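Colleague: Mapping the sequence shown onto the numbering used here, position 135 (from 1) lands on 135, and the numbers just tick up by one.
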Amino acid sequence: MLAVMATTAEVAAAMLLLHRAGIVHGDLSAANVLLSSCDYTAGFGGRNFVAKVTDFGLQQRYDPATLADNPYHSIAHLAPEVLQHGTCTKAADVYSFGVLIFMMATGSSAWAGLPHAAIVEAVCTHKRQLAFAPEAPLPLTLLARACMAHNLPSGPASST
Numbered sequence: 001m002l003a004v005m006a007t008t009a010e011v012a013a014a015m016l017l018l019h020r021a022g023i024v025h026g027d028l029s030a031a032n033v034l035l036s037s038c039d040y041t042a043g044f045g046g047r048n049f050v051a052k053v054t055d056f057g058l059q060q061r062y063d064p065a066t067l068a069d070n071p072y073h074s075i076a077h078l079a080p081e082v083l084q085h086g087t088c089t090k091a092a093d094v095y096s097f098g099v100l101i102f103m104m105a106t107g108s109s110a111w112a113g114l115p116h117a118a119i120v121e122a123v124c125t126h127k128r129q130l131a132f133a134p135e136a137p138l139p140l141t142l143l144a145r146a147c148m149a150h151n152l153p154s155g156p157a158s159s160t
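(1) Please determine if the stretch 92 to 109 and the stretch 141 to 149 are in contact, where contact requires at least 3 C-beta pairs separated by less than 8 Å.
(2) Answer with buried or exposed for SER154, where buried requires no fewer than 16 other C-beta atoms within 10 angstroms of its C-beta.
(3) Please name the residue or residues paired with LYS52 in a DSSP beta bridge.
(4) Answer with buried or exposed for ASN48, where buried requires no fewer than 16 other C-beta atoms within 10 angstroms of its C-beta.
(5) Measuring only the C-alpha atoms, how far is ALA110 from ALA76?
(6) Pull up the distance between the alpha-carbon of VAL82 and that of VAL53, whole angstroms please.
(7) Who are the near neighbours of MET5 in its chain, counting only those whose CB is closer than 8 Å to its CB and skipping five residues on each side?
(8) Within this structure, are the beta carbons of PRO80 and HIS25 separated by less than 8 Å?
(9) Please go through the same chain and pick out, in chain order, the residues whose beta-carbon is closer than 6 Å to the beta-carbon of PHE132, but skip the five residues on each side of it.
(10) LEU35 to VAL50, Cα distance in whole Å?
(11) Looking at the structure shown, is ILE101 part of a helix, part of a strand, or coil, going by DSSP?
Below, the structure written as structure tokens:
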């Protein structure tokens, strides 16, 4: 689990740099975190790779009317406000980071098996949270839940 925590820390550091520079990623997901091999094997977390956040700064704006119907774009990582209003913000990036932590901590896809419309309903209408397995590391579970809090002021700060 040290490797997951180390990867979480690297993604968090990258997102902090982006946010401090005034850049909103807009599409932070597992598909946009690349693992690059490195020369050491006993590095941070005992890994022989480093995480690199890619495809940032696109300042995406989504059309909420078509998100639920577009099978070519994953929406499982998108914040409720993106699903409802289409606007990408730092807070939405923090939510997406929480979904990414969930995926790394559990080894599961977010909202696996649900069609887009059901994800939108679960997240926006019913304010459902992703369910962590009891064996998921508590620090990662707590961090992910804070990032995915539906009341944005309680989520962790994305920049200071």
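Even glycine gets a Cβ: it sits at the ideal position worked out from N, Cα and C.
Please read these numbers as outputs of a predicted model, since none were measured by experiment.
Modeller: Reading it off the structure:
(1) yes
(2) Within the sequence shown, the letter at position 154 stands for residue 154. Model confidence at SER154 stands at a pLDDT of 44, short of 50, so the residue's coordinates are unreliable; what they give is reported in the following sentence. Exposed, since its Cβ has fewer than 16 Cβ neighbours within 10 Å.
(3) Within the sequence shown, residue 52 is the residue found at index 52, counting from 1. Paired residues: LEU34.
(4) Residue numbering aside, residue 48 sits at position 48 when the sequence shown is read from its first letter. Looking at its Cβ environment, which holds fewer than 16 other Cβ atoms inside 10 Å, ASN48 is exposed.
(5) Mapped onto the sequence shown, residue 110 falls at position 110. Mapped onto the sequence shown, residue 76 falls at position 76. Taking the straight line joining both Cα atoms gives about 6 Å.
(6) Within the sequence shown, numbered from 1, the residue matching residue 82 stands at position 82. Within the sequence shown, numbered from 1, the residue matching residue 53 stands at position 53. Cα to Cα, VAL82 sits roughly 20 Å from VAL53.
(7) What you label residue 5 is simply residue 5 of the sequence shown in a count that begins at 1. These residues qualify, in order along the chain: GLY45, PRO137, PRO139 and LEU140.
(8) Position 80 of the sequence shown, counting from 1, holds the residue named residue 80. Position 25 of the sequence shown, counting from 1, holds the residue named residue 25. No.
(9) Taking the sequence shown and counting its residues from 1, one reaches residue 132 at position 132. Answer for PHE132: THR141, listed in chain order.
(10) Here residue 35 refers to the residue found at position 35 of the sequence shown. Here residue 50 refers to the residue found at position 50 of the sequence shown. Taking the straight line joining both Cα atoms gives about 6 Å.
(11) The residue labelled residue 101 in the question sits at position 101 within the sequence shown. In this structure, ILE101 counts as helix in the three-state DSSP scheme.
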